[in-house]
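A.B. asks:
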Amino acid sequence: MAERIPQSSGNSPGGGGLALRFISGKYQGGEFPLEGDREIYIGRSSDLEMVLVEEMVSRKHARVTVRGGEITIEDLGSTNGTFVNGEKIERATLKEGDRVLIGTSILKVVVVTASQASLRVPSGGVMSAPRRTVGGTDEGPRMSGAIEEVPLPDLMQLFGTSRKSGVLVVTTEHSTGRLYLKQGIVHYAAIDSSPDLPALKAIYRMLGWERGLFQLDPPEERVFDSPLDLPVQEILMEALRQQDEFNVIRERLPAPEVPLMLSVPLVPKLSALSEHELDVLQLAVNSPDLAAVMDLSARSDLETGQILSKLLSQKYLTSAE
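Read in order, the letters of the sequence shown correspond to residues 19 to 339 in our numbering.
#1: Over what stretch of residues does the beta strand (DSSP E) that includes Val427 continue unbroken?
#2: Determine the contact status of Val204 and Pro249, defining contact as a CB-CB distance below 9 Å.
#3: Alpha carbon to alpha carbon, what distance is there between Thr194 and Asp214?
#4: So what does Ile120 bridge to, in DSSP terms?
#5: Sorted by chain position, which residues of the same chain lie with C-beta nearer than 6 Å to Val311's C-beta, five sequence neighbours on each side aside?
#6: Considering only DSSP beta bridges, list what Gly195 is partnered with.
#7: Near Ser63, which residues of its chain fall below 8 Å by C-beta distance, leaving aside the five closest residues on each side in sequence?
#8: Is the separation between the beta-carbon of Lys333 and that of Ser281 shorter than 9 Å?
#9: What three-state label does DSSP hand Ser315 in the structure shown?
#10: Answer yes or no: do Ser123 and Leu234 have a C-beta to C-beta separation smaller than 9 Å?
#11: Residues bridged to Ile58 by DSSP?
#12: Cα separation between Gln251 and Lys328?
#13: Could you check what DSSP says for Glu92 in three-state terms: helix, strand or coil?
#14: Using CA atoms only, rank isn't needed, just tell me which of Glu293, Ile165 and Leu112 is closest to Phe232.
#15: Would you decide whether Ala273 is buried or exposed? Buried here means 16 or more other CB atoms lie within 10 Å of its CB.
#16: What is the rounded straight-line gap between the Cα of Leu112 and the Cα of Tyr59?
#17: Mind checking Val285: buried by the 16 CB within 10 Å criterion, or exposed?
#18: Give the DSSP bridge partners of Ala164, in chain order.
#19: Using a Cβ-Cβ cutoff of less than 8 Å, which residues in the same chain neighbour Leu271 once the five nearest sequence positions on both sides are dropped?
#20: In chain order, what residues of the same chain have a beta carbon less than 6 Å from the beta carbon of Val82, not counting five sequence neighbours either side?
#21: Among Ala290, Ala316, Glu295 and Gln175, which has the Cα closest to the Cα of Ala217?
#22: Figure out for me which residue from Leu94, Leu38, Lys106 and Gly43 has the closest Cα to the Cα of Val71.
#23: Only counting the same chain, and skipping five residues up and downstream in sequence, which positions put a Cβ closer than 6 Å to that of Val152?
If you want it as structure tokens, here you go:
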């Protein structure tokens with residue numbers, strides 16, 4: 019069966035308009051213009067305006083209505099639900115920037131110019147579904163995209179609410195991280211370049227990544243020594259708090275690749291430091307750079323950063339910058 023996404027029927031007033039852009043999933047990059055007053059039915063059935071062929075999409079899944087400049091979306095009793103900005107909805111009004119999750123596809127409401135308004139599809143508005151082949155095996159569609167388009171906190175909110183299972187693989191220029199999900203619960207996390215990092219610390223660090231690619235792989239049956247099994251919302255609240263506070267002190271710290279050294283002469287008294295501060299001081303002196311200190315510290319990145327900031331400002335440590 020083929021997926022049908024009709025071409026634009028004309029230009030919106032002012033030379034542009036809104037469209038639903040696929041930013042994740044097997045249709046990534048496609049756009050569906052939202053023009054004039056119309057109803058757009060979405061589902062697996064071949065006679066609908068937007069046909070998405072995948073198991074998690076119902077035959078008649080949702081309806082988008084464009085009327086009088088207002089865009090609404092309504093779930094039509096689908097099995098797996100329709101989500102807007104991470105919330106499961108029955109009916110919702112859409113605006114620019116909103117994200118819609120249907121099956122494994124994430125669509126974003128975007129502004130398009132007149133020159134962008136027609137989708138790049140073959141004549142007749144029908145395109146075959148691309149399928150990902152790994153190791154010679156056709157494994158079907160996977161959710162994938164760029165975290166510049168879908169920030170990881172937003173993505174995790176979607177996965178938690180929609181109770182997804184799988185391994186979320188996030189690849190940046192320097193690292194690859196994995197989040198293991200079971201029915202929307204975070205089971206475990208690891209970063210390849212920092213294998214000894216505790217799972218919770220790995221999650222908090224990954225949620226601060228702003229550039230890279232993500233892909234939701236099928237679930238893996240693995241046994242971890244210290245599984246987390248925490249709700250997404252609980253993790254997100256603490257991660258975002260820590261990230262906000264860490265961003266404040268980040269500018270007071272040297273770059274990750276910069277070595278830290280004990281100040282010579284050492285004027286402030288070591289007896290004035292707490293046990294945790296002494297531990298971080300010892301790590302800093304014995305580690306090749308700031309990144310290694312952050313990895314090896316038993317404290318969170320926020321706590322370690324706060325201690326390092328104090329040690330630098332009070333001249334216990336100096337950097338090689």
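Glycine is no exception: its CB is placed at the ideal position from the N, C-alpha and C atoms.
Computed from a predicted structure; not experimentally measured.
C.D. replies: According to the data block:
#1: The question about residue 427 has no answer, for the chain in this structure spans 19 to 339.
#2: Position 186 of the sequence shown holds residue 204. Position 231 of the sequence shown holds residue 249. Their beta carbons are under 9 Å apart, which means Val204 touches Pro249 by this criterion.
#3: One-based indexing of the sequence shown puts residue 214 at position 196. One-based indexing of the sequence shown puts residue 194 at position 176. Rounded to the nearest angstrom, the two C-alpha atoms are 14 Å apart.
#4: As a working mapping, residue 120 is identified with position 102 in the sequence shown. Under DSSP, Ile120 takes part in a beta bridge, and its partners are Ser123.
#5: The residue you call residue 311 lines up with position 293 of the sequence shown. A distance below 6 Å between beta-carbons, with the five flanking residues on each side excluded, links Val311 to the following residues of its chain, in chain order: Leu301, Ala302 and Ser305.
#6: Position 177 of the sequence shown, counting from 1, holds the residue named residue 195. DSSP output for Gly195 lists Val188 and Ile209 as bridge partner(s).
#7: What you label residue 63 is simply residue 45 of the sequence shown in a count that begins at 1. These residues qualify, in order along the chain: Val69, Arg77 and Lys78.
#8: On the sequence shown, position 315 is the one that residue 333 refers to. On the sequence shown, position 263 is the one that residue 281 refers to. Yes.
#9: On the sequence shown, residue 315 is found 297 positions in, with the first residue counted as 1. Coil at Ser315, not helix or strand.
#10: Walking along the sequence shown from the start, residue 123 turns up at place 105. Walking along the sequence shown from the start, residue 234 turns up at place 216. The beta carbons of Ser123 and Leu234 sit no closer together than 9 Å.
#11: Your numbering for residue 58 matches position 40 in the sequence shown. Bridge partners of Ile58: Val82.
#12: Taking the sequence shown and counting its residues from 1, the one referred to as residue 251 is at position 233. Taking the sequence shown and counting its residues from 1, the one referred to as residue 328 is at position 310. Taking the straight line joining both Cα atoms gives about 31 Å.
#13: Reading the sequence shown from its first residue, position 74 is the one you call residue 92. DSSP, read as helix, strand or coil, puts Glu92 in strand.
#14: The residue you call residue 232 lines up with position 214 of the sequence shown. Looking only at Glu293, Ile165 and Leu112, the smallest Cα-Cα distance to Phe232 is reached by Ile165.
#15: The residue given as residue 273 occupies position 255 in the sequence shown. Exposed, since its Cβ has fewer than 16 Cβ neighbours within 10 Å.
#16: Counting from one through the sequence shown, the residue named residue 112 turns up at place 94. Counting from one through the sequence shown, the residue named residue 59 turns up at place 41. If you take the alpha carbons of Leu112 and Tyr59, they lie about 15 Å apart.
#17: Translated into positions along the sequence shown, residue 285 becomes position 267. Val285 comes out exposed.
#18: Translated into the one-based positions of the sequence shown, residue 164 becomes position 146. In DSSP, Ala164 forms a bridge with Leu231.
#19: Position 253 of the sequence shown, counted from the first residue, corresponds to residue 271. Same-chain partners within the cutoff: Leu308, Gly323, Leu326, Ser327 and Leu330.
#20: Your numbering for residue 82 matches position 64 in the sequence shown. Shown here for Val82: same chain residues with a beta carbon closer than 6 Å to its own, the five before and five after excluded, namely Ile58 and Ile91 in chain order.
#21: Stepping through the sequence shown from its first residue, residue 217 is reached at position 199. For Ala217, the nearest C-alpha among the options comes from Ala316.
#22: Position 53 of the sequence shown, counted from the start, is the residue given in the question as residue 71. The shortest C-alpha separation from Val71 is found at Gly43.
#23: Here residue 152 refers to the residue found at position 134 of the sequence shown. Unreliable placement is indicated for Val152, whose pLDDT of 26 sits below 50; the coordinate value is still reported in the next sentence. Nothing meets the Cβ criterion.
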